[in-house]
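In our numbering, the protein residues as written are 273 to 465.
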């Protein structure tokens, strides 16, 4: 059938390399000296945003807009995308600000939704609320790459629907179940673990 993706590849080998490449900024150690180096290259409002996030650790777009009296959220997004992160990439090799749908603030234990975080500032005990997943539509197939810490490949069960992939695992230490919506319909008879 034309217009349908015929394969889904589940890539489980060498996740460490993939994770370092995709989430390289999580490996950064951001300290005050690093923030100072990046801030020195920024304009006034961009510098204020960076220092606010250094002091607080995270902030919603509304908070960041209030910090610099930005008329719209787009002004903040453009500062992050066009000024702050490109400057950080040039100086430290990676973006310094990252958006998270859901993350636990290790200082308060509070679940923070839809906020900007200073990358590389994770503290001991901080944990991600969501599994790292990358879905790549390659035209004739879809690659799904994910991190399942503490799970062996043989413990992973896959179930394919026409537009979703269900992944589950049961081990002595961990139970896991997640449904992932796919960007296209797939032939459910052809997928590889």
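From the three backbone atoms N, C-alpha and C, an ideal C-beta is built for every residue, glycine too. Since we're looking at a predicted model, the values are computed, not measured.
Do residue i and residue j have their C-beta atoms within less than 7 Å of each other?
i           : j           : result
residue 369 : residue 352 : yes
residue 355 : residue 322 : no
residue 359 : residue 314 : yes
residue 319 : residue 331 : no
residue 419 : residue 436 : no
Whose CA, out of the options, lies closest to the CA of residue i?
i           : options               : result
residue 383 : 372, 390, 450 and 407 : 372
residue 408 : 366, 448, 347 and 456 : 456
residue 422 : 443, 432, 304 and 374 : 443
residue 301 : 437, 335 and 392      : 392
residue 329 : 406, 438, 380 and 459 : 380
residue 434 : 405, 460 and 308      : 460
residue 416 : 316, 346, 340 and 458 : 458
residue 410 : 454, 340 and 378      : 454
On the DSSP bridge assignment, give the partners of residue i in chain order.
i           : result
residue 450 : 439
residue 331 : 388
Residues in the same chain with beta-carbon distance under 7 Å from residue i, minus the five sequence neighbours each way, listed in chain order, please.
i           : result
residue 440 : 429, 448 and 449
residue 306 : 364
residue 399 : Confidence is the limiting factor: at residue 399 the pLDDT is only 43, short of 50, which leaves the residue's position unreliable, though a coordinate-based value still follows. Result list for residue 399: 376, in chain order.
residue 401 : A caution first: residue 401 carries a pLDDT of 46, below 50, which makes its placement in the model unreliable, though a value can still be read off. Answer for residue 401: 374, 375, 376 and 383, listed in chain order.
For residue i, I'd like the list of residues in its chain whose CB is within less than 8 Å of its CB, leaving aside the five on either flank, ordered along the chain.
i           : result
residue 361 : 367
Apart from the five residues just before and just after residue i, which ones in its own chain have a Cβ nearer than 6 Å to its Cβ?
i           : result
residue 342 : 348
residue 385 : 374
residue 298 : Only weak support exists for where residue 298 lies, its pLDDT of 46 falling under 50; the coordinates are left without a value.
residue 431 : 438
residue 335 : none
Exercise. Residue ranges of each alpha helix (DSSP H) run of no fewer than 4 residues wholly in the segment 353-436, ordered along the chain?
Worked result: 357-364
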